[in-house]
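What follows is a set of notes on a single structure, which appears directly below.
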Amino acid sequence: MGNGLPVFGKTTVTVTYDSKTVTLPLIIIEGEGAALLGRNCLNNIRLNWGTIHLLANHSSTLHNVLQKHQLLFCDELGTLQGATATIHVPPYSQPKFY
Numbered sequence: 003m004g005n006g007l008p009v010f011g012k013t014t015v016t017v018t019y020d021s022k023t024v025t026l027p028l029i030i031i032e033g034e035g036a037a038l039l040g041r042n043c044l045n046n047i048r049l050n051w052g053t054i055h056l057l058a059n060h061s062s063t064l065h066n067v068l069q070k071h072q073l074l075f076c077d078e079l080g081t082l083q084g085a086t087a088t089i090h091v092p093p094y095s096q097p098k099f100y
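Everything in the sequence shown is counted per the working numbering, starting at 3 for the first residue and increasing by one.
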């Protein structure tokens with residue numbers, strides 16, 4: 003068949019196009035190049051090819067977001083501060099020790 007692509011991650015995104023909003027799967031691969039839409043995306047959003055005139059590279063916008071929020075995208079683990087949480091445990095629960 004061909005060579006596989008190195009998958010970096012997967013997510014779900016909400017896409018709005020021509021007043022229609024759909025939720026689509028998005029697969030992120032390593033490398034550079036143009037973004038590709040799969041058949042599942044094209045079947046759901048039905049692009050109006052006659053009105054598409056420009057394909058733009060938005061890497062500078064992405065770079066700005068990554069720079070602005072460096073702490074969110076760093077490789078080190080962080081801690082959540084300033085939040086409280088409650089864990090509700092039924093009274094009949096049995097503790098398990100590992």
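Cβ coordinates follow ideal geometry from the N, Cα and C atoms, glycine included.
Quick caveat: nothing in here was measured; it's all calculated off a predicted structure.
Residue of the options minimising C-alpha distance to residue i
| i | options | result |
| --- | --- | --- |
| Leu-26 | Ile-47, Val-67, Gly-35 | Ile-47 |
| Pro-8 | Glu-32, Leu-28, Ser-62, Cys-43 | Glu-32 |
| Val-24 | Ala-36, Gly-11, Cys-43, Gly-6 | Cys-43 |
| Asp-20 | Trp-51, Gly-6, Ala-37 | Trp-51 |
| Lys-22 | Asn-45, Gly-40, Arg-41, Gly-6 | Asn-45 |
Cross-strand partners of residue i (DSSP beta bridge)
| i | result |
| --- | --- |
| Gly-11 | Ile-30 |
| Val-67 | None; Val-67 has no bridge partner. |
| Tyr-19 | Lys-22 |
Residue i versus residue j: straight-line alpha-carbon distance, rounded
| i | j | result |
| --- | --- | --- |
| Glu-34 | Thr-81 | 32 Å |
| Tyr-94 | Leu-74 | 39 Å |
| Ala-37 | Ala-85 | 38 Å |
| Thr-16 | Leu-39 | 14 Å |
| Gly-6 | Arg-41 | 18 Å |
Any non-hydrogen atom of the ligand ZN closer than 7 Å to residue i Cβ
| i | result |
| --- | --- |
| Ile-31 | As presented, the structure is devoid of all ligands, the ligand ZN included, so that no description of it is given. |
Beta-carbon proximity of residue i to residue j, cut-off 8 Å
| i | j | result |
| --- | --- | --- |
| Leu-28 | Thr-13 | yes |
| Ile-30 | Gly-11 | yes |
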